[in-house]
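Keeping their order, the protein sequence lines are chains A and B.
Under the working numbering, the first residue of the first sequence is numbered 1, with each subsequent residue one higher.
Under the working numbering, the first residue of the second sequence is numbered 1001, with each subsequent residue one higher.
Cβ atoms here follow ideal geometry from the backbone N, Cα and C, with glycine treated the same way.
Model, not experiment: these values are computed from the prediction.
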Amino acid sequence: MRRKESGEKMKCRVAGLFAVVLISLAVLGFSYAWWTETLTISGSVATGELDVGFANNATQCSEYITCKAILVDTDNDGDYDKIDVTVNNAYPCGWCNVTFDIKNLGTIPAKIGTPILEFNDTALSVSLTDASGGSIVGKVIDVNGSLSCKLAIHVKEAAEENKSYSVTVTIPVKQFNAP
Amino acid sequence: MKVSKGYALPMLLIIALGAIGFGYAWWTETLVIGPTVNTGELKVEFVNGQAPGKDWNNPNWRTYGAAPHVIRTWSWSPDKLTIYITLSNMYPGTGSQRFAFGIINTGTIPAKLKDVTVTITGDSTTVHYIRTQGKIEYCRDDLTKVWEKSFGNWPHIDGDPYEKDIPLENLENTLDSLISGTVLYPGWMLGFGEDEGEESGSLGFAMHATAPEGTEGQTITVAITFTFEQWNAP
C-alpha cells in the first residue's frame, strides 16, 4: 500500500517537472523547428496608362455666325479633356463645324465608345463623325496616334431668336481590348 | 448535390467579394465637348426718314408737300413693319404729298426683303386718280449710299407732272419689282428719304388734274407692308 502511494507521488513529480520546463522554455522564447530552406521569386508589375486628350481644334461657320472652341484641362493633369464651344448669332440653316483630334497620350491603345449627344433636337441637329464623315465608334487609336473628328452643329428652322441652346457631347474611351 | 472542396473555396471567395461590393472594370476615360449655341435676331423696322447723314429720327421731317389744305397723317404698326398713310382733302392738281421714312435692319443677321404689300382702302375711282412717285436709297450702316432707284415722275418737274407717275393701284408691283430681294445687312437701310430739298427723295402721292366730280369728299388710306426674311431663306 505504501509502495503504491510512493509510485504515484513519483509520477506527479515527473509531470510537474516537465510542465515547469515547458513553461520556462515558453517564457524564455525557445522554439523548436525542423531545418528549412526558402526559395523566393521576386517580381514587379508596372501597369500602363489609358490617357487621351483633345488637340488641334479649329472652327468653321456659315456667314455672320461667329464660333470659337477652347481646349480646357479640367483636372489639371496637362491634357485637354474638354472643348468649350461658343456659337454666336446663329440662325436657321446656319451651321458650325468644330474639327479636332483625339490624341492617345497613354501607353496602351484606346478604343472609342459610343458618344452621348444631348441637345434640343427641335432647334438643332448635332453629329459627331471622323474627318471623312464616318462613325468613330470602335475606332482604335494607337499609342501616340490620333483620330481626326468633326462635330457638326446645324440650326433648324424651329430655332428661336435670341435664345441660348446648350449641347453636351460625351465621348467614352476604353482600353483597346475592352469588349 | 455534393460540392467538392476544390470548387467550394473559389465560389465562397467570389460570393464574399460580390457581397462586399468588389467589381471588375476595364479602364475608361471620358472626353467632353460642351457647345453653347446662341441664336441671333432678325429685326427690321421703320424709322422716320430724311437724307443719309442726317437725323433719321427727327419727326419734323416725316411729311411735307406744297399743296395747301391737304391733310397728311401717318403711323406705323406696333411691330414697325407696316406704315399707314392717310390723305384727306386732296383735290385735282394736288402736288406731291411726301412721306419720308427709312427701313433699317436693327437685328444681328442680314434680312432679305421678300415682298411689298400695298393695301388700299377707299373709293376705287378716286384711287385711280391718285398717282405716286418716289426715290429709294440703299445705304450702308454708315449711311453712305450704295444705289438709288426712282419711279414715277421723279424728280418732280413742272409741266405735266402726272403722266409719268404711277397709279396708286400699281404701287405694289412697282415697289416689288424695284426692291424685293434687297438684302439689308445689320445697320443697313432702305430710305424713302429727303435728299437735298423737297424736290427729291421720299414717297409721294399726287392727285391727277383730270379727277372727276365723283372723287370729292373721299379719304384714301394706304397700308404698305414690307415683309423680310432671313437673308439665306430659299
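Let me check one thing: in DSSP terms, what residues is residue i bridge-paired to?
{"i": "M1207 (chain B)", "result": "B:I1130"}
{"i": "R13 (chain A)", "result": "R13 (chain A) pairs with nothing; no bridge assigned."}
{"i": "P1110 (chain B)", "result": "Its beta-bridge partners do not exist; DSSP assigns none."}
{"i": "F1192 (chain B)", "result": "B:F1101"}
{"i": "S127 (chain A)", "result": "A:A152"}
{"i": "D1115 (chain B)", "result": "B:T1227"}
{"i": "K68 (chain A)", "result": "A:T86"}
{"i": "S1202 (chain B)", "result": "B:K1135"}
{"i": "I1083 (chain B)", "result": "B:W1076, B:I1224"}
{"i": "V45 (chain A)", "result": "V45 (chain A) pairs with nothing; no bridge assigned."}
{"i": "Q175 (chain A)", "result": "A:A110"}
{"i": "V169 (chain A)", "result": "A:L117, B:I1033"}
{"i": "S1088 (chain B)", "result": "B:I1071"}
{"i": "V1044 (chain B)", "result": "B:N1105"}
{"i": "V1183 (chain B)", "result": "B:K1112"}
So residue i contacts chain A; which residues on that side make the cut at Cβ distance below 8 Å?
{"i": "T1030 (chain B)", "result": "D81, T170, I171, P172, V173"}
{"i": "N1170 (chain B)", "result": "Going along chain A, no residue has its Cβ under 8 Å from N1170 (chain B), so there is no contact; the nearest lies around 34 Å."}
{"i": "G1034 (chain B)", "result": "K82, I83, D84, V85, S166, V167, T168, V169"}
Answer yes or no: does any C-beta atom of chain A fall closer than 9 Å to that of residue i?
{"i": "T1106 (chain B)", "result": "no"}
{"i": "W1231 (chain B)", "result": "yes"}
{"i": "F1151 (chain B)", "result": "no"}
{"i": "I1157 (chain B)", "result": "Residue confidence is low: I1157 (chain B) scores 49 on pLDDT, short of 50, so the model does not pin down where it sits. Its coordinate-derived value is still stated next. No, I1157 (chain B) lies away from the interface with chain A (no Cβ there is under 9 Å from its Cβ)."}
{"i": "F1226 (chain B)", "result": "no"}
Along chain A, in chain order, which residues have C-beta atoms closer than 7 Å to that of residue i?
{"i": "W1026 (chain B)", "result": "K174, Q175, A178"}
{"i": "E1045 (chain B)", "result": "Ordered by position in chain A, no residue passes the 7 Å Cβ test against E1045 (chain B), which lies about 14 Å from the chain."}
Could you check whether the Cβ of residue i sits closer than 9 Å to any Cβ belonging to chain B?
{"i": "D51 (chain A)", "result": "yes"}
{"i": "A188 (chain A)", "result": "Past the boundaries of the shown model lies residue 188 (chain A); chain A is included only from 1 to 179, so the question cannot be answered."}
{"i": "L128 (chain A)", "result": "yes"}
{"i": "G134 (chain A)", "result": "no"}
{"i": "L124 (chain A)", "result": "yes"}
{"i": "V137 (chain A)", "result": "no"}
{"i": "S42 (chain A)", "result": "no"}
{"i": "V98 (chain A)", "result": "yes"}
{"i": "I141 (chain A)", "result": "no"}
{"i": "T74 (chain A)", "result": "yes"}
{"i": "S62 (chain A)", "result": "yes"}
{"i": "A55 (chain A)", "result": "no"}
{"i": "G78 (chain A)", "result": "no"}
{"i": "G145 (chain A)", "result": "no"}
{"i": "I65 (chain A)", "result": "yes"}
{"i": "A110 (chain A)", "result": "yes"}
Using a C-beta to C-beta distance shorter than 8 Å, which residues of chain B count as neighbours of residue i?
{"i": "I90 (chain A)", "result": "Inspection of the sequence shows that residue 90 (chain A) is occupied by Ala rather than by Ile. Correct list: V1037, N1038, T1039, G1040."}
Chain B partners of residue i, CB-CB under 9 Å?
{"i": "D102 (chain A)", "result": "Position check: residue 102 (chain A) holds Ile in this sequence, whereas Asp was assumed. Chain B residues near I102 (chain A): L1031."}
Strictly below 7 Å CB to CB, what residues from chain B border residue i?
{"i": "L17 (chain A)", "result": "The premise fails here: L17 (chain A) is roughly 44 Å from chain B at the closest Cβ pair, so nothing lies under 7 Å."}
{"i": "C93 (chain A)", "result": "N1232"}
Hey, quick one: how far does the beta strand (DSSP E) through residue i stretch, first residue to last?
{"i": "S1150 (chain B)", "result": "1145 to 1151"}
{"i": "R1072 (chain B)", "result": "1071 to 1076"}
{"i": "W95 (chain A)", "result": "95 to 104"}
{"i": "L147 (chain A)", "result": "146 to 155"}
{"i": "R1098 (chain B)", "result": "1097 to 1099"}
{"i": "N89 (chain A)", "result": "82 to 90"}
{"i": "V137 (chain A)", "result": "Careful: V137 (chain A) lies outside any beta strand (DSSP E) and carries neither H nor E."}
{"i": "G1034 (chain B)", "result": "1028 to 1039"}
{"i": "S166 (chain A)", "result": "164 to 166"}
{"i": "V143 (chain A)", "result": "From DSSP, V143 (chain A) is part of no beta strand (DSSP E); its letter is neither H nor E."}
{"i": "N56 (chain A)", "result": "52 to 61"}
With respect to the alpha helix (DSSP H) encompassing residue i, which residues constitute its N-terminal and C-terminal limits?
{"i": "L1171 (chain B)", "result": "1171 to 1179"}
Exercise for the section: Determine which residues of the stretch 152 to 176 of chain A have a Cβ less than 9 Å from any Cβ of chain B, and write them out in chain order. Expected result: I153, V155, A159, E160, E161, N162, K163, S164, Y165, S166, V167, T168, V169, T170, I171, P172, V173, K174, Q175
Exercise for the section: With 7 Å as the C-beta to C-beta threshold (strictly closer), list the residues of the stretch 1091 to 1123 of chain B near chain A in chain order. Expected result: T1108, I1109, P1110
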